[in-house]
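Under mature numbering (1 follows the signal peptide of the UniProt record, and there is no 0), read the sequence shown as residues -19 to -1, 1 to 227, first letter to last. Ideal placement from N, C-alpha and C gives every residue a C-beta, glycine not left out. Contents: one structure, followed by commentary.
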Amino acid sequence: MVMKLFAAILLSLLVSACATQPEATSPPPSAAVGKTVDAGAPLVQQAAVLIAAKRPAQALPLADQAIAYYESTYRKSAPLVYSARWPVESMLYALEGHKANTNSRVYGIEWGLAYFLRGFALVDLHRLPEARAAFDDAIKLSPRNSKYLSERAEVDIAERNWRPALEGFQKALESADLSPPELKTAETTRALRGMAFAQIELGNLDTAQALHERALQLDPGNEKSLNELRYIQSRKARLPGPGRPI
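Below, the structure written as structure tokens:
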């Protein structure tokens, strides 16, 4: 799939974040923020290393063990539970509980990442329906994680569901506003390229071109966007136009 190279590189950044739990600053009374070190983190880290080494079959049971730990330990800790990778996301999720007038609890990246890694392993094992469910579970815990949203949209791309894919990448683009600074450009341009891919398949070449041009403004020289722009131009050259024989 198109996502593999990019995601493998980004996994190293996600794993490095596992050592740090996001900590909300002065959360509202309805929210509590999980800070304790958990037994699932080593399993998540090992699974990420195995996936980066292209060993999804070995990574999957580790991700599943981590998920089982988090579900049994954290799921019932509050009516609303979230997994955040940095303080901005943590505060946002804490405020969701405040708005809903219910208790919420925000944990670190590991819980959501365990589901994400499960989904990634299942994609590599060509088990797309299960991968879709795993990414959906990751997004329930981390609804504003642009990375998770993009990878979920990639499943729609793989299944040639162009409009759901476009909607998924649009959500990823919107959520990239909350991405950590060191990941914001990568996650924004990833979403833009995904939207462009879907627009090409839907026949909207001008829209796809504009999306790639937006991506290049943020990441000049990106080979993926440059190659796609060349492809779009070749497609346009084959289209009938004024004075051009059909």
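Next item on the list: Could you pull out every residue in the same chain whose Cβ sits closer than 8 Å to the Cβ of residue 216, ignoring the five residues on either side in sequence?
Entry: 181, 186
Next item on the list: Decide if the stretch 81 to 93 is in contact with the stretch 61 to 73; the criterion is three or more beta carbon pairs, one per stretch, under 8 Å apart.
Entry: yes
Next item on the list: State whether the stretch 66 to 82 contacts the stretch 103 to 115, with contact taken as three or more CB pairs (one from each stretch) at a distance under 8 Å.
Entry: no
Check: Is the beta carbon of residue 174 sitting closer than 7 Å to the one on residue 196?
Finding: yes
Check: Are the beta-carbon atoms belonging to residue 143 and residue 189 less than 7 Å from one another?
Finding: Pairing residue 143 with residue 189 gives a Cβ-Cβ distance that is not under 7 Å.
Checklist line | Local conformation of residue 156 per DSSP, three classes | finding: helix
Next item on the list: Could you check if residue 158 is buried or exposed, using at least 16 other CB atoms within 10 Å of its CB as the buried criterion?
Entry: Answer is exposed; the Cβ neighbour count stays below 16.
Margin query: One question on the structure: do residue 98 and residue 44 come within less than 7 Å of each other, judged by their Cβ atoms?
Written below: yes
Item checked: Helix, strand or coil at residue 213 according to DSSP, with G and I counted as helix -> helix
Margin query: According to DSSP, simplified to helix, strand and coil, what is residue 191?
Written below: helix
Margin query: Using only CA atoms, which one of 120, 118, 162 lies nearest to residue 295?
Written below: What the structure shows of the chain is the stretch from -19 to 227, and residue 295 is not part of that stretch, so it cannot be assessed.
Notebook entry, point to check: With C-beta atoms as the reference, is residue 149 less than 7 Å away from residue 133?
Noted result: yes
Note to self: Can you find the residues in the same chain that come closer than 7 Å, C-beta to C-beta, to residue 205, ignoring five residues on each side of it along the sequence?
What the structure shows: 174
Check: If you draw a straight line from the alpha carbon of residue 48 to that of residue 96, how long is it in whole angstroms?
Finding: 7 Å
Notebook entry, point to check: Is residue 199 helix, strand or coil by DSSP?
Noted result: In the three-state reduction of the DSSP assignment, residue 199 falls in the helix class.
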